[in-house]
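Structure, as C-alpha cells:
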Amino acid sequence: MPEGHLLHRYAVEQAGALAGRRVRATSPQGRFDADPYDGCRMRTVEAYGKHLFYVFDDARAVHVHLGMRGLFLRYDDPATPPRGGTRLRLATADAAFDLIAPSRCEALDEPELAALRASLGPDPLRDDADEAEAVRRMAAARVPVGAAILDQAVWAGVGNAWRAELLFVTGLHPAARGLGPGGASRLWEAAVRYMALGRDAGQVVSDPSAPDERWVYKRETCRRCGAPVRSWQLAGRTAYACPVDQPEPATG
DNA sequence: ATGCCATGTTAAC
DNA sequence: TTAACCTGGCATC
Numbered sequence: 004m005p006e007g008h009l010l011h012r013y014a015v016e017q018a019g020a021l022a023g024r025r026v027r028a029t030s031p032q033g034r035f036d037a038d039p040y041d042g043c044r045m046r047t048v049e050a051y052g053k054h055l056f057y058v059f060d061d062a063r064a065v066h067v068h069l070g071m072r073g074l075f076l077r078y079d080d081p082a083t084p085p086r087g088g089t090r091l092r093l094a095t096a097d098a099a100f101d102l103i104a105p106s107r108c109e110a111l112d113e114p115e116l117a118a119l120r121a122s123l124g125p126d127p128l129r130d131d132a133d134e135a136e137a138v139r140r141m142a143a144a145r146v147p148v149g150a151a152i153l154d155q156a157v158w159a160g161v162g163n164a165w166r167a168e169l170l171f172v173t174g175l176h177p178a179a180r181g182l183g184p185g186g187a188s189r190l191w192e193a194a195v196r197y198m199a200l201g202r203d204a205g206q207v208v209s210d211p212s213a214p215d216e217r218w219v220y221k222r223e224t225c226r227r228c229g230a231p232v233r234s235w236q237l238a239g240r241t242a243y244a245c246p247v248d249q250p251e252p253a254t255g
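With the numbering used here as the guide, the letters of the first sequence map in order to residues 4 to 255.
In C-alpha cells form, the structure reads like this:
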C-alpha cells in the first residue's frame, strides 16, 4: 500500500535495471496488451506523486498506479514463473518485475500524459518540484490542512501515513486552516526531508533515530508524550493526532 | 477457514 | 457520501 516514497523507490530500482535496455513485456493475467512493448527499448522510468511512468522509444508511455493494493515483485531470475494474477511483467536477462493488482496500468499518448501531469501538484520527492508553487497551493487551500495535504492536486505523493506523521512533526492539527506561507513552508520542508528518508529506507520515516516507529499513525498513544492519540475521519480517511503536541485550532 | 481492514482513487448515488 | 476494486495481513473462529 504505497505512498509517494515507495513509488520513487520503485522508479529508481526499476530504472537501474530496465532503462536504456530492451525489455520483454508480457501480461500473464491478460488484462494489459503488452505486445506493443515486447522487445522495445525502455527509455526511462519516472515517479510523479503516486504515479509511475514508463517511457519507451517506439511505443506509447505506460502509466501505472498501484492504488491501495498494488505491488511489485522482483525476481532476480527472470525464468521464475509469474503468479497468475500478474498484470504486467517487464524483464531483462537479469531480472523481472511483476506488477500485481494495480488500480491502473494503461498506455497513454502524449496529450493524456501531459494532462495527468498537469493535474498533479508539486511532488516533494522530485528534483524539479517548485517549492514556491507548493507553498502557494497549500496556503491557498480553503479546506483543513489534513484534507489539503491528501489532495494530489495540491501536493503529489502524500498519503494517509505521511499525513499523520508530517502534521505531527510540524505540530499542526489536521483540522487547522489558513496555515499561511510560513506554516505551508515548514510543512513542505518536512515533507521533502522525511519523505526522502522514507524513499531511501523503503518505509515511512518520521524519526530518523527510530526509523521503525511512528509518532501517532495507527497508535493508541503519542510516542512523544504518551497522551491518547485521537483518531477520526477526515477527507475520507482515518486521521490521527496528539491532543498535546498538535493543539486543536480554535473553533467558531 | 473466514472476515475485516488498509500507506488510494474513481465513479456512481 | 459510499461502493467498488479483488491483495495481503492480521484477528478471529
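Don't be surprised by glycine CBs; every beta carbon is placed ideally from N, CA and C. Owing to the predicted nature of the structure, the values given are computational and were not obtained by experimental measurement.
The C-alpha of Asp97 lies about 20 Å from the C-alpha of Leu74. Secondary structure of Met45 (DSSP, three-state): strand. Take the alpha-carbon of Pro177 and the one of Gln17: they are about 35 Å apart. Nearest to Asp80 by C-alpha distance, out of Leu93, Gly87, Arg72, Met71, is Leu93. Going by DSSP, Val15 is part of the alpha helix (DSSP H) stretching over 7–21. Between Ala193 and Trp165, the alpha-carbon positions lie close to 10 Å from each other. Within the model, the alpha-carbon separation for Ala118 versus Ala230 is close to 45 Å. Ranked by Cα distance from Asp41, the options Ala20, Phe56, Asp60 are led by Asp60. Per DSSP, Gln32 has no beta-bridge partner at all.
Contact between His11 and Arg202 holds, since their C-beta atoms are separated by about 5 Å, short of 8 Å. Under the 8 Å Cβ criterion, the stretch 44–51 counts as touching the stretch 22–31, having at least three qualifying pairs. If you look at Leu102, you'll find it in the beta strand (DSSP E) that goes 99–103. CA-to-CA, the gap between Arg217 and Met71 works out to about 20 Å.
Counting along the chain, the unbroken alpha helix (DSSP H) around Ser188 starts and ends at 183–204. Restricting attention to alpha helix (DSSP H) runs no shorter than 4 residues, the stretch 129–181 encloses them at 134–143, 148–151, 163–172, ordered along the chain. If you draw a straight line from the Cα of Gly52 to the Cα of Leu123, it is about 8 Å long.
Relative to the Cα of Ala28, the nearest Cα in the group Pro246, Phe100, Ala121 belongs to Phe100. In summary, Asp36 is exposed, with fewer than 16 beta-carbon neighbours lying within 10 Å of its beta-carbon over all protein chains present. The stretch 145–155 and the stretch 104–113 do not touch, with fewer than three beta-carbon pairs separated by less than 8 Å. Taking C-beta separations shorter than 6 Å and ignoring five residues to either side along the sequence, the partners of Ala62 in its chain run Pro39, Tyr40, Cys43, following chain order.
In this structure Met198 does not touch Gly149 by the C-beta definition: roughly 17 Å separates them, more than the 8 Å allowed. Annotated as proximal: Leu128 and Gly7, with beta-carbon spacing under 8 Å. Annotation note: the stretch 57–131 contains the following uninterrupted alpha helix (DSSP H) runs of length 4 or greater, listed N- to C-terminal: 113–121. Annotated as proximal: Pro125 and Ala137, with beta-carbon spacing under 8 Å. Taking a C-beta distance under 8 Å as the contact criterion, Leu200 and Leu169 do not qualify as a contact pair.
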